[in-house]
Amino acid sequence: MYKAPRGTADILPEEQGYWRYVEDRAIALCLLYGYQRLDTPAFEDVQLFTRSIGEGTDIVTKEMYTFEDRSGNLLALRPEGTAPVCRAYLEHGMDNLPQPVKLYYLAAIFRYERPQAGRYRQHYQFGFEAIGDADPALDAEIVEMAWRFFELLGLGRLYLYLNSIGCKSCRPEYLESLKRYYSAHLSGLCSDCKARFEKNPLRLLDCKKTACYDVAEAAPKSTDYLCRDCKSHFETVVEYLKALKLPFDINHRLVRGLDYYTKTVFEIQPLGDGAQSALGGGGRYDDLIEELGGKPVPAIGFAAGMERVVLNLKEQKIAVPALPAPPVFVAHLGNEAKLEAVKLTSILRKDDIAAITATGDRSLKGQLRQANSLGSNYVAIIGDDEVKSGAVTLRNMMTGEQKTVSRVELIKLLTRVTQE
RNA sequence: GUGAGCGUAGCCGAGUGGUCUAAGGCGUCAGGUUGUGGCCCUGAAGAACGAGGGUUCGAAUCCCUCCGCUCACCCCA
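Count along the first sequence from 1, add 229, and you get the number used in the numbering used here.
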């Protein structure tokens, strides 16, 4: 038996209500904020990702689905959404449009990871990006929009964390200071942190081990090392977020995993225990477009993990709207009637009434049982009597009432009733 | 890549060496008289117990290997 590959999952019909709920709200949100949809291919040139995400990051070194196609092109299934959006921005000359350009996407993301709760090898992200403007007001808009997304979904008990990790002119100095500080505490750190010290010092800050917590808390803060520009940018973002009454906390230990982030970074986390808790995160990436071969173009964006959103909807027991009511069921008795049933079903559909025909040779009882378990509210029955008279018996499955009517009347009745 | 737990029919799940060629529930299918559902009743189909090897007179039950699932770490949405 074939099974879905490790870390992938089928989204079954009974799950679709959640997905539809989240997607509908995501799309409505983007409409409200003036963001337009952009769909990009599932795979891209490998270089696009290695350049943007960073050669040394985990995503690039061990998580990308990389392959060579038949003509020898090195491609990768997209491991994140921002770089492809930037690529499309450049490829289609969107730098000639009025700036900023505001785009969003709902897309599958692929990373080779060990699966666990809320983490998959293929997952879906909803993200939005505002490209071409360095105004802190735009940072505030993106953060507000992210927060609003979760509000629209009805999710509560969320934290909004904010930080600034500076830019290429001020970050080196901060990193130096961080390493200097940590080198004095190295012996007391966990083994992971010892590795981080060499590989990615910023990550030292968000170690979950209690042993490292105090060290991280007392570590130099990136916000104390910001250059003039980054400092005033951050202060303005904070001012705007306060004015927008967003319940954010400045978290000096918040860093993000991709190399391209500059200045503002933020994350939204649920209250629960620590495991891979980010529901979504984002930040500014002012150097990325230039890195990808364009002119210097500042930008900021956010992405949320759809599976994690759905997980939290379930945990918080948020009811999602039911999917559309099941179709009208057309039952028959006998061969002649069956042909009529097939024809009637077709007519109903042409009149925009969802309908299904009973197939096979079940007894009427069996057909009604089926209609019942499908949840059909109405069953149209055609037997010998109806074939002779050209009429149809309509049964209301909720009340048990039924009456025999002409086909014209049937359509009128069903049209009225299914539009309620 | 590392660590822990788990693996019995579509689903849940009993059974931990010998009436197990494996219970029960849900679901599926058929029937409960002649054209009628939901409740109820009856019956049927459906697993050699993840795979392979070993221990034993005898294993779903013990051991080994592999595979898979789950959770956690790393890292991330």
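No residue lacks a Cβ here, since even glycine has one placed at the ideal position from N, Cα and C. All figures in this text were calculated on a predicted structure; none of them were measured in a lab.
query, result
"Within 9 Å, strictly: CB atoms of proline 365 and tyrosine 469", "yes"
"DSSP-derived helix/strand/coil call for valine 616", "helix"
"Whole-angstrom distance between asparagine 480 and lysine 291, CA atom to CA atom", "28 Å"
"Beta carbon of glutamate 273 nearer than 9 Å to that of arginine 235", "no"
"As assigned by DSSP and simplified to three states, the class of tyrosine 353", "strand"
"Distance, leucine 303 Cα to glutamate 297 Cα", "5 Å"
"Sequence ranges, beta strand (DSSP E) only - wholly within the region 498 to 579, length at least 3", "509 to 513, 528 to 534, 557 to 561"
"Environment of asparagine 392 [buried if 16+ CB atoms lie within 10 Å]", "buried"
"Valine 538 versus valine 251: straight-line alpha-carbon distance, rounded", "8 Å"
"N-terminal and C-terminal residue of the alpha helix (DSSP H) that alanine 238 is part of", "Segment: none, alanine 238 is in no alpha helix (DSSP H) and carries neither H nor E."
"Those residues which DSSP pairs with valine 330 across a bridge", "Ile360"
"CB of arginine 636 within 9 Å of CB of isoleucine 576, strictly", "yes"
"CA nearest to the CA of phenylalanine 699, picked from Ser461, Ala584, Asp580", "With the chain represented from 230 up to 649, any question about residue 699 goes unanswered, as that position is not in the structure."
"Buried versus exposed call for methionine 626 [16 or more other C-beta atoms within 10 Å across all chains shown]", "buried"
"Reference glycine 534; option with closest CA among Arg513, Ala445, Gly509", "Gly509"
"Rounded straight-line distance, which links the Cα of aspartate 581 to that of leucine 431", "58 Å"
"Supposed contact pair glycine 395 and cysteine 436 - C-beta distance, whole angstroms, cut 8 Å", "Incorrect: roughly 21 Å between the Cβ atoms, too far for contact."
"Buried or exposed (CB count within 10 angstroms, at least 16 for buried), glutamate 536", "buried"
"Which of helix, strand or coil DSSP assigns to leucine 415", "helix"
"Top-ranked residue by Cα proximity to isoleucine 610, from Lys572, Ser602, Tyr489", "Lys572"
"Nearest residue (CA-CA) to serine 416, options Ala440, Glu405, Lys567, Gln648", "Ala440"
"DSSP three-state assignment for asparagine 280, whether helix, strand or coil", "Per the sequence presented here, residue 280 reads as arginine, with asparagine not at that position. If DSSP states are grouped into helix, strand and coil, arginine 280 belongs with the helices."
"Closest by C-alpha distance to leucine 381, when choosing among Asp253, Val467, Thr588", "Asp253"
"Helix, strand or coil at leucine 434 according to DSSP, with G and I counted as helix", "helix"
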